[in-house]
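Below is one structure, written out as structure tokens, with a few remarks after it.
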Amino acid sequence: DQQVKQNSPSLSVQEGRISILNCDYTNSMFDYFLWYKKYPAEGPTFLISISSIKDKNEDGRFTVFLNKSAKHLSLHIVPSQPGDSAVYFCAASENYGGSQGNLIFGKGTKLSVKP
Amino acid sequence: GAVVSQHPSRVICKSGTSVKIECRSLDFQATTMFWYRQFPKQSLMLMATSNEGSKATYEQGVEKDKFLINHASLTLSTLTVTSAHPEDSSFYICSASNRDTRSYRGRFFGPGTRLTVL
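From first to last, the protein sequence lines stand for chains C and G. Under this note's numbering, the first residue of the first sequence is numbered 1, with each subsequent residue one higher. Under this note's numbering, the first residue of the second sequence is numbered 116, with each subsequent residue one higher.
Structural data, given as structure tokens:
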């Protein structure tokens, strides 16, 4: 049973527009959520995170929104740029374990930003 | 950010052979290494966690005698798939962190190894 779900395997957006990537989770014990970005032939790199005590975290063009009651989070990229084209993974953790904790990943969403 | 490398990036082997995958942290001391596996169109699944100098802790359903993990130094961990079979064909990816780093920002992933067992 998948605890972290990314139901859209791909998303195509025009440059300059907003990209919205969605993630749902089932485990109510998750208290920390992360987004990773992965380019081909490279490992996933940390992008942005949010604690369950918050509902929004912003870092430049990237904003993550958390709706605990709906067990849903989303990543907004505004404005989208061609360099944002990558696979985005949503991940979650119980009892925030820092760099040592276990992460549960979604399947990823491939974002394509068209010039 | 820190760099984690994996070798080889791609390997094709015959059924029944053993394959060793190396994971190296190039510019920091990796006290903990995580090994993940990703099947096509599936998510990254944690296989095992190893701390330098200790035996690895395997996730439920992962055979420790089949997937041998060695983390003998602070910069190198190896995953050996013993007697590989076609169902072991997958994308194997390692992640390294230092226990003194409290944030998930201190966890870095390798580029992965594509294993194909014929």
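Every residue gets a Cβ at the ideal spot worked out from N, C-alpha and C, and that includes glycine. Bear in mind the structure is a predicted one, so any value in this text is a computation, not a measurement.
Within chain C, partners of residue i - CB distance below 8 Å
{"i": "K156/G", "result": "P9 and K107"}
Residue range of the beta strand (DSSP E) that includes residue i
{"i": "M162/G", "result": "M160 to N166"}
{"i": "V78/C", "result": "V78/C -> no beta strand (DSSP E), and no H or E assigned at all."}
{"i": "H122/G", "result": "V119 to H122"}
{"i": "T26/C", "result": "No beta strand (DSSP E) holds T26/C; DSSP gives it neither H nor E."}
{"i": "S140/G", "result": "V134 to S140"}
{"i": "Y207/G", "result": "S205 to S212"}
{"i": "T83/G", "result": "Any question about residue 83/G goes unanswered here, given that chain G covers just 116 to 233."}
{"i": "F223/G", "result": "R222 to F224"}
{"i": "K170/G", "result": "Segment: none, K170/G is in no beta strand (DSSP E) and carries neither H nor E."}
{"i": "S85/C", "result": "No beta strand (DSSP E) contains S85/C, which DSSP labels as neither H nor E."}
{"i": "V177/G", "result": "Looking at the DSSP string, V177/G is not in any beta strand (DSSP E), and its letter there is neither H nor E."}
{"i": "T63/C", "result": "F62 to N67"}
{"i": "S112/C", "result": "T109 to K114"}
{"i": "L183/G", "result": "F182 to N185"}
{"i": "K56/C", "result": "K56 to D59"}
Residue i to residue j span [Cα, whole Å]
{"i": "L141/G", "j": "Q121/G", "result": "10 Å"}
{"i": "S8/C", "j": "L191/G", "result": "36 Å"}
{"i": "H76/C", "j": "W35/C", "result": "11 Å"}
{"i": "S198/G", "j": "T132/G", "result": "5 Å"}
{"i": "H72/C", "j": "S28/C", "result": "11 Å"}
{"i": "T193/G", "j": "F30/C", "result": "30 Å"}
{"i": "V13/C", "j": "L47/C", "result": "19 Å"}
{"i": "S93/C", "j": "V4/C", "result": "10 Å"}
{"i": "P226/G", "j": "E42/C", "result": "4 Å"}
{"i": "S74/C", "j": "L21/C", "result": "5 Å"}
{"i": "T26/C", "j": "L103/C", "result": "14 Å"}
{"i": "K56/C", "j": "S158/G", "result": "25 Å"}
{"i": "E58/C", "j": "S19/C", "result": "14 Å"}
{"i": "K68/C", "j": "Q6/C", "result": "16 Å"}
{"i": "K114/C", "j": "A86/C", "result": "12 Å"}
Contact set between residue i and chain G, taken where Cβ atoms lie within less than 7 Å
{"i": "E42/C", "result": "P226"}
{"i": "L34/C", "result": "Y219"}
Under 7 Å between C-beta atoms of residue i and residue j
{"i": "F33/C", "j": "I50/C", "result": "yes"}
{"i": "V134/G", "j": "V196/G", "result": "yes"}
{"i": "V232/G", "j": "P201/G", "result": "yes"}
{"i": "C23/C", "j": "G106/C", "result": "yes"}
{"i": "L128/G", "j": "C209/G", "result": "The sequence given here has Cys at residue 128/G, not Leu. No, Cβ-Cβ distance for C128/G and C209/G is not below 7 Å."}
{"i": "A145/G", "j": "A211/G", "result": "yes"}
{"i": "F149/G", "j": "N213/G", "result": "no"}
{"i": "P79/C", "j": "G16/C", "result": "yes"}
{"i": "R152/G", "j": "S205/G", "result": "yes"}
{"i": "P44/C", "j": "F89/C", "result": "yes"}
Contact set between residue i and chain C, taken where Cβ atoms lie within less than 7 Å
{"i": "V119/G", "result": "G43"}
Residues that residue i contacts on chain G, provided the C-beta gap is smaller than 8 Å
{"i": "N27/C", "result": "Near N27/C there are no residues of chain G at all, since even the closest Cβ is about 14 Å away, more than 8 Å."}
Neighbour list for residue i in chain G, Cβ cutoff strictly below 9 Å
{"i": "N102/C", "result": "F149, L161, T164 and E174"}
{"i": "V87/C", "result": "Residues of chain G passing the Cβ test: none, with the nearest at roughly 11 Å."}
{"i": "V4/C", "result": "S158"}
Problem set entry | chain C contacts made by the segment 194-218 of chain G, where a contact means CB separation under 8 Å | I208, S210, S212, N213, R214, T216, R217 and S218
Problem set entry | Members of the segment 44-66 of chain C near chain G, C-beta cut-off 8 Å | P44, T45, F46 and S49
Exercise. In the segment 158-192 of chain G, which residues sit with their C-beta less than 7 Å from some C-beta in chain C, listed in chain order?
Worked result: S158, L159 and L161
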